[in-house]
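Undergrad:
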Amino acid sequence: MLFKLTFVVLTAAALGACASKTTAPSSSNATGQTDSKTAKAKDDIIGTILPGSKFAKLKIGMDMSQVQALIKMPDDMKRYESGKRWIPFYFGDDAQRMETYYEGEGCLTYTGGGVFGGVGGQLIRIHADKTKACFS
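Sequential numbering from 403 applies to the sequence shown in this note's numbering.
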């Protein structure tokens, strides 16, 4: 009997810990606050993208193949660890990052795949910088 009671209490506690609270999405209000998606998108574009430039054709979330179809191959590329590799049981696709440099335009950052390889190549940051300082 004690075993059953303990089992029921532990199961209820575990399920309660897994529950999530949903809230209505926020939107712009009179005080000038914006929702988190809009704020995040603004942070993912660094610098000023000039109208008519290569980067003006891009949108956050595009695949690397879509980007290369629009603006061709980059002049330089590097890959690095993002630190998420060390989060236990992390199965996201951005444990690595890929950064590409386009001469006279700036840098693009993509997800580089998960801990065990896998899917990656989604555009997550545009850094408009003609000096190559973004690629150090």
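Glycine included, every Cβ here is placed at the ideal spot set by N, Cα and C.
1. Does the Cβ-Cβ distance between L510 and G463 come in under 8 Å?
2. By alpha-carbon positions, which one of K486, Q498, D446, L412 ends up nearest to R527?
3. Is the stretch 446 to 457 touching the stretch 482 to 490, taking contact as three or more C-beta pairs under 8 Å?
4. Just reading off the beta strand (DSSP E) that L510 is part of, what are its end residues?
5. Among residues of its own chain, excluding the 5 on either side of C536, which ones have a beta-carbon nearer than 7 Å to its beta-carbon?
6. Give the secondary structure of A530 by DSSP, where H, G and I count as helix, E and B as strand, and everything else as coil.
7. Just the Cα atoms here: how many angstroms apart are K486 and V521?
8. Please state the DSSP three-state secondary structure of L407.
9. Cβ of D495 within 8 Å of Cβ of G515?
TA: In this structure, then:
1. Cβ atoms of L510 and G463: not closer than 8 Å.
2. Cα-wise, what sits closest to R527 is D446.
3. As far as the Cβ criterion goes, the stretch 446 to 457 does not touch the stretch 482 to 490, which means the pair count is below three.
4. Note, L510: beta strand (DSSP E), 508 to 513.
5. Within the same chain, C536 has close Cβ partners G508, C509, H529.
6. For A530, the three-state secondary structure derived from DSSP is strand.
7. Rounded to the nearest angstrom, the two C-alpha atoms are 15 Å apart.
8. Correct three-state label for L407: helix.
9. Cβ atoms of D495 and G515: closer than 8 Å.
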